[in-house]
Structures are given as structure tokens and as C-alpha cells.
DNA sequence: GTGGTCTAGACCACG
DNA sequence: GTGGTCTAGACCACC
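Chains as they are written, first to last, in my numbering: chain V, 196 to 325; chain A, 196 to 325; chain Z, 196 to 325; chain P, 196 to 325.
Laid out in C-alpha cells, this is it:
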């Protein structure tokens, strides 16, 4: 996969940058379900950040369902869930609504927004099923 | 419009709750462009929150392009922009991608995701143009 | 209440020592429900430990139901719950069983164990209800 | 005795799962004092875990006074002690107090707590004396 | 060799 | 003024 790129001066926290890039790689299928991720200390050494910073990114992705972490076997890419409760989905849908509203207000016409969404969905759809 | 509902004990900050509800009302057209919003002190009094909290929500919506604030005339709903630079759009699109990936991983199948997006877009499309 | 006593060299972590002493004060009624606890920075200053260490103790007691924490109002002693699911109780009961078995094996005869338990229950029963 | 059940993915460490189940079997009398336990390598083979993991569980139970381990004769269930110093008992009693306080706060009324304790004591009392 | 804990200090969010 | 975040370093638990 493409190497992680970190900007320590960015407003986005380092652990968030790591989590986001891994999330997109998983969602796009670049990192297929079942694949093992490098150890936190390895990533931390490569990026020049603390071990805990990487561990936090991994744990967040675990909470979001993107990774399965076991203490001894390390972290592996998880298969997507096959159904979820409304309680879990509601805040995610709220974030989606906010993102769409901001894009529209920032000047993206609705037809362009539709094309943008189709492109994003195509990237998701190309993902391999576990 | 529907009255604002605030939960002071929620994890989401109070100013965020105010901003989110106003943003959705604007995006859906419930609050049409040009319409004047109640004064900060009025809203603060009605909700029983600090004046600065409401002011912060207004300021955020101004930064996002949803409101136009002038010292004398107060806050009015802004018309959506008619074009925007990639620099402004990129972080918003990144948030959109994150929201979609989380929903997919949480168990929403891609076809359901499509329907969800159409519903959200329809709500946006019903909005009156400034 | 009695001042907290910390031994930085003890095997028990500092945050655990703080949590345990506060827990016992709450369980015994020394700290009554509704009572406000000192701010984390105050306690941290008094004990000479980091703010996060105290905050962690407070958060653990919140998770156990002993405290109610709100960002702006600080921490207050909570009233005991009025019923709980078996899922939550099972691990607690397992800890109780382990504690009893260890005491018995360490040489406390069952009759003495009974007296010990009655004494502990009396301390709990003397607690004021919220 | 009932076979040991291990969940490698559980939060509780494997050696702790083994120790806990053996401890309960000894405390309840299912494993009587003097009885020989299977060899470490036997248990490890049956459970499919590392030999050191089982050895650690045995060693912990030895430290707690539940087992007597000799190099030649292996591990045997120990008789309960007939008296112990306050220094050894105090931390055990502290754990007992913590367990009771948590149960009470989690919603178990004091009368129910009493019944729970009587049941646990009865299980202990049924144990055969060495 | 894996992930995790514990404490810390600087800084931030919130009202 | 409140609690919380973010990153860090040393050390630990586990197998």
C-alpha cells in the first residue's frame, strides 16, 4: 500500500491522519479483509511518532469496525458488518448530512454533488467482500 | 421553524447542537436565504444558555457560509456560494468520504447507501435558491 | 472527609489508590450522594500528581456508577442504581467469589468470614440514600 | 472435574482463565485437598495453549495457597491455611470491600446482597476439610 | 515480539 | 474555571 504521510503541523491530529489514511485504504479495497497490518511499533518508528499515537489510531479503527485487534496476533483488516442498529447508524448519518450540507453551501451545485457521490460510491463498491 | 432542542448533558457541545440544528434548517430550506435570525441574546434567553455559546454557533455558521452577520442588521441566512476553490472543498469532500466509509463498514449495504444518499439529496434539492 | 493518602512506590497504581479511597468513602456514606468533589486540578495539586492521574480515577468511578461527571459542573457523588442487568453484575459477582475463596484459603474460617461480611454489610447499610 | 474452557480472544488473560476456574473448583470442593492435578504439559496440550501459560496459572494458585507444587510429584490441591497474618489478609479484605461496594452501587439492594453472600458462603462451606 | 498500561506535560474546548 | 485531548516515554502483561 501507499506509505502513510504525516504532517505534524496540521490541525488534524496525528492519530487522526493515520486512522483516516488507513480507513480510506480499507474502504477502497487497497487493504483487503484479513490482511495483517504492520505492528504499531513498526509504524511508529517509520513515521517518527510515539507508539501510543499509532495505537490510538488502530484502536479507533477497531471501534469503527475496520480492524480486528488481538494482543498477540496483531491487527487485521475486518470484513464489513452485515447489519447494524439504528442507534449506531444515526450519528453516522448525521455526519453524512452535515458533510453534504456544507459542500452544497460551499458552492457545489446539486448535480455536481450527485456526480461526486457516484464517484465515491464506485470506489466503495469496488471493494472486495470478506 | 421548529424550536431548538438543547441537551446540556450531551456529549455534543451546546454550541454544536445549536449550529447543527440551524444548519439543517438552512440546508433543507426551512430557513430561506435572506431570512433574519433572532438576536443572539434572544436565543440565549430562550434556551437558558450563555450568550457566548449562541454567538459561537452563529460564528461557526458564518465561517461555513450559512450565515451573513453584520453588526447592525444581525444574522441573515446566506445564499449558497456559486463556486468554490479546491482548497476549500477538499477537506469537506474528505469528511464526506469518511462518513460514507463508516456507514458502509457499520453494515449499510451499498444499494441502501445509494437510497440514503438520494433521500438526503432530495432534502437538499427542495431548498429554495437565493 | 479524610485526606487521601498516596504511596507512589506501591504496587497499586496511583489512580487506583485514589479511586479506591473515594469509592470507600462513598460506599460508607462519608461522601453523601449529591456532594461535589474537589476539581481534578485541586486534588492533583494537593497530592503532587498529574492532573490526568486524578482524572482517570474520577472517570473510573464514573464508569462504576459512583460519580456523575459533567464538564462544566465538575464531579458529584451519584446515588446507587436501582437495578441492573445480569451482564453487568456477573463480572462483579465473579470478583466477589474470588475474594471470598482467597480469604478462606488464606486461613479465615467460614464462621469468621461470616462475621467479616456482616461488618462490611453494616458499613454499606449505614449509607444514606439519595 | 469439569473441563476447562478457554476463550483466547477474551479480555481476561488465558492464564487468568485457567487459574480462576481451578480456584473455583478447589474452593467449592470439586477438587479436594491432596488431589493431584494433571501435569502442566498435559493441560497445555489439551487446551492448545503454551506450556508457560499453564505453568503461570499453577504458580499463581501456589502463591495464593491453593496448590502445593513439588518438582517430582507435580501439583496437588492444598488444604486451606489455619491462620494468617493481618498483613496477608488486609489486601484480600480490601478486594472484598471493593467487590461489595461495586455490587451495591450497580443496583443490588443490601438484602439481595446478603442472600448472594449466603449462597457463596454455602458453596464454600460445602468444601471438605484437609 | 505483540498490544497495552501508567504517568506526565502542554494545550484545548467549553461555558 | 471546569473536564478533556494529544502526544510522549518508560514500563508491563502476555504468549
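Beta carbons: idealized from backbone N, C-alpha and C, even for Gly. Bear in mind the structure is a predicted one, so any value in this text is a computation, not a measurement.
At a cut-off of 8 Å between beta-carbon atoms, residue 310(P) makes no contact with chain Z. Rounded to the nearest angstrom, the gap between the Cα atoms of residue 312(V) and residue 228(Z) is 52 Å. The shortest CA-to-CA distance from residue 266(Z) to any of 254(Z), 295(Z) and 296(Z) is the one to 254(Z).
Close to residue 259(V), with beta-carbon spacing below 9 Å, are these residues of chain A in chain order: 296, 297, 300 and 301. Scanning chain A for C-beta atoms nearer than 9 Å to the C-beta of residue 208(V) yields nothing, as the closest lies near 14 Å away. When the alpha-carbon of residue 213(V) is set against those of 282(V), 310(V) and 242(V), the nearest one is in 242(V). Listed by position along chain Z, the residues whose Cβ is nearer than 8 Å to that of residue 290(P) are 290, 293, 294 and 297. Beta-bridge pairing by DSSP links residue 265(A) to 269(A). When secondary structure is reduced to three states using DSSP, residue 227(Z) falls in the coil class, being assigned neither helix nor strand. Boundaries of the alpha helix (DSSP H) around residue 282(Z): 281-300. Here the alpha carbons of residue 211(P) and residue 259(Z) stand approximately 22 Å from one another.
Considering only 316(Z), 198(Z), 215(Z) and 199(Z), the residue with the shortest C-alpha distance to residue 286(P) is 215(Z). The region 198-253 of chain P contains, as complete alpha helix (DSSP H) runs of 4+ residues, the segments 209-222 and 235-242 (chain order). When DSSP states are grouped into helix, strand and coil, residue 274(Z) belongs to the coil group. Residue 319(P) and residue 249(Z) do not touch by the CB rule: their CB atoms are close to 38 Å apart, not below 8 Å. Beta-carbon to beta-carbon, residue 218(V) and residue 293(A) are separated by about 7 Å, close enough to satisfy the 8 Å threshold. Rounded to the nearest whole angstrom, the C-alpha separation of residue 269(P) and residue 263(P) is 8 Å. Here the alpha carbon of residue 277(V) sits roughly 5 Å from the alpha carbon of residue 302(A). Chain A has a Cβ within less than 8 Å of the Cβ of residue 275(V).
Chain V has no Cβ within less than 8 Å of the Cβ of residue 226(A). Pairing residue 239(Z) with residue 246(Z), the inter-Cα distance amounts to about 5 Å.
Collapsing the DSSP output to three states places residue 306(V) in a helix.
Here residue 259(P) carries a coil assignment [DSSP, helix/strand/coil].
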